[in-house]
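In our numbering, the protein residues as written are 52 to 384.
Please read the structure below before turning to the comments.
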Ligand code: AMP
Ligand code: TRP
């Protein structure tokens with residue numbers, strides 16, 4: 052049986068290799084399977100949990116759509132829309148925030164990381180962000196949610212919220228309990244400057260990530276400057292655990308090329324990193340450059356991107372408004 056796929060990406064600019072290998076690559080594969088119904092959401096309501104420049108946000112919404120299409124998602128076969136245009140998301144988030152418990156949200160590590168030391172100054176939206184994410188998923192009876200490893204905890208919370216709602220209102224099976232789809236290996240791509248830190252849009256140094264809009268020369272330069280340790284290339288898999296930068300670079304190479312880790316390690320065992328880095332750069336350029344060229348081309352076709360969103364919004368709204376109507380009945384409105 053086909054899966055009902057839902058996932059979201061925040062339009063906060065600088066989509067990078069971590070987003071691609073951790074999530075978008077998987078979206079494309081799921082979308083290529085004609086059995087699946089796929090919905091990919093540009094989560095602009097999530098984006099404003101931290102300050103955004105309105106003009107940039109508007110551009111980033113389009114850029115996220117362009118990235119989806121340039122990466123190979125077929126807008127004819129999936130629903131692509133932005134969250135703010137389907138009001139059921141905000142509404143369901145409120146209702147579900149009455150189901151979610153403080154104790155559950157207090158455990159969310161992403162909030163702790165993003166809020167930093169001064170939690171008093173974090174927005175309430177940043178705190179309740181995972182409840183909105185649960186609303187996104189549950190409104191569409193999604194069965195599978197492809198995400199990077201950092202979203203695993205949010206998905207567990209979504210499952211808890213769905214179960215509690217079903218129990219509290221005695222509506223067995225009303226909300227479907229979604230399964231996460233997380234890559235088995237290298238579901239967390241790390242920074243090129245620190246193998247223990249996640250590759251992230253918000254990292255100050257641009258050298259820490261490969262952006263999907265990077266030019267060939269930028270990619271080569273960033274890989275040349277990527278941090279390694281002083282040892283030669285590892286000669287067995289066990290070494291990787293103690294060598295996070297080597298592990299990350301080899302993992303990226305493996306994800307890009309489909310080559311097994313064992314094979315890569317065997318081929319480069321004991322060699323200098325520079326030789327491996329040349330191969331890695333080439334694999335990155337082969338994969339990212341066509342995407343980057345296509346994104347830039349699509350950004351000049353605003354009407355086309357806006358049309359994808361408006362058609363997607365109509366379809367999403369049809370589904371979500373039916374579900375929110377049922378939610379109203381269940382809670383007694
Ligand atoms: P975001 O840009 O935070 O909305 O993330 C979009 C998707 O990319 C989510 O599924 C994330 O889990 C995934 N993602 C973000 N950063 C990374 C990373 N460094 N490694 C793997 N997946 C990531
Ligand atoms: N929180 C996710 C992230 O930062 C984005 C997101 C929002 C999402 N709603 C979602 C992912 C629903 C999957 C399903 O990456």
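Idealized CB from N, CA, C, for every residue including glycine.
Bear in mind the structure is a predicted one, so any value in this text is a computation, not a measurement.
- Cβ contact annotation for residue 328 (same chain, cutoff 6 angstroms, sequence separation greater than five): 274, in chain order.
- Remark: C-beta atoms of residue 285 and residue 316 approach each other more closely than 8 angstroms.
- Proximity of the beta carbon of residue 252 to the ligand AMP is indicated: a heavy atom of the ligand is located closer than 7 angstroms.
- For residue 253, the secondary structure class from DSSP, reduced to helix, strand or coil, is coil.
- When DSSP states are grouped into helix, strand and coil, residue 321 belongs to the coil group.
- For residue 159, the distance from the CB to the nearest heavy atom of the ligand TRP is not below 7 angstroms.
- The C-alpha of residue 89 lies about 19 angstroms from the C-alpha of residue 95.
- In this structure, residue 58 has its CB closer than 7 angstroms to one or more heavy atoms of the ligand TRP.
- Taking 8 angstroms as the cut-off, the beta carbon of residue 93 is found no closer than this to the beta carbon of residue 79.
- Taking non-hydrogen atoms of the ligand TRP into account, the C-beta of residue 196 is found less than 7 angstroms away from one of them.
- By a beta-carbon distance limit of 8 angstroms, residue 198 contacts residue 233. Their separation comes to about 6 angstroms.
- Taking 7 angstroms as the cut-off, one finds at least one heavy atom of the ligand AMP near enough to the beta carbon of residue 74.
- The nearest non-hydrogen atom of the ligand AMP is less than 7 angstroms from the C-beta of residue 238.
- Apart from the 5 residues on each side of it in sequence, residue 308 sits with its Cβ closer than 7 angstroms to the Cβ of 334 in its chain, given in chain order.
- A Cβ-Cβ distance of about 29 angstroms is found for the pair residue 237 and residue 189, leaving them out of contact under the 8 angstroms criterion.
- For residue 138, the three-state secondary structure derived from DSSP is coil.
- For residue 364, the enclosing alpha helix (DSSP H) stretches over residues 353-382.
- DSSP, read as helix, strand or coil, puts residue 162 in helix.
- As the crow flies, the alpha-carbon of residue 212 is around 28 angstroms from that of residue 112.
- Using a cutoff of 7 angstroms, the CB of residue 187 counts as near the ligand TRP, since one of the ligand's heavy atoms is closer than that.
- Taken from the Cβ of residue 102, every heavy atom of the ligand AMP lies 7 angstroms or farther away.
- In the structure shown, the three-state DSSP call for residue 110 is helix.
- When the beta-carbon positions are compared, residue 119 and residue 131 come within less than 8 angstroms of each other.
- Taking non-hydrogen atoms of the ligand TRP into account, the C-beta of residue 94 is found less than 7 angstroms away from one of them.
- Within the stretch 184-218, the complete beta strand (DSSP E) segments at least 3 residues long are 195-197, listed from N- to C-terminus.
- The C-beta of residue 209 has 16 or more other C-beta atoms within 10 Å across all chains shown, which makes the residue buried.
- The beta carbon of residue 140 lies closer than 8 angstroms to those of 96, 134, 183, 186, 187, 190 and 371 in the same chain, with the five residues before and after it left out.
- Taken atom to atom, the span from the alpha-carbon of residue 264 to that of residue 345 is near 9 angstroms.
- If you draw a 10 Å sphere on the C-beta of residue 250, you find 16 or more other C-beta atoms in it, and that means buried.
- Residue 70 has its Cβ nearer than 7 angstroms to a heavy atom of the ligand AMP.
- Residue 266 holds the alpha-carbon nearest to the alpha-carbon of residue 332 among 266, 292 and 369.
- When secondary structure is reduced to three states using DSSP, residue 119 falls in the helix class.
- Per DSSP, reduced to three states, the secondary structure at residue 69 is helical.
- Between residue 177 and residue 101, the C-beta gap is smaller than 8 angstroms, which places the two residues in contact.
- Counting along the chain, residue 88 sits inside the beta strand (DSSP E) bounded by residues 88-93.
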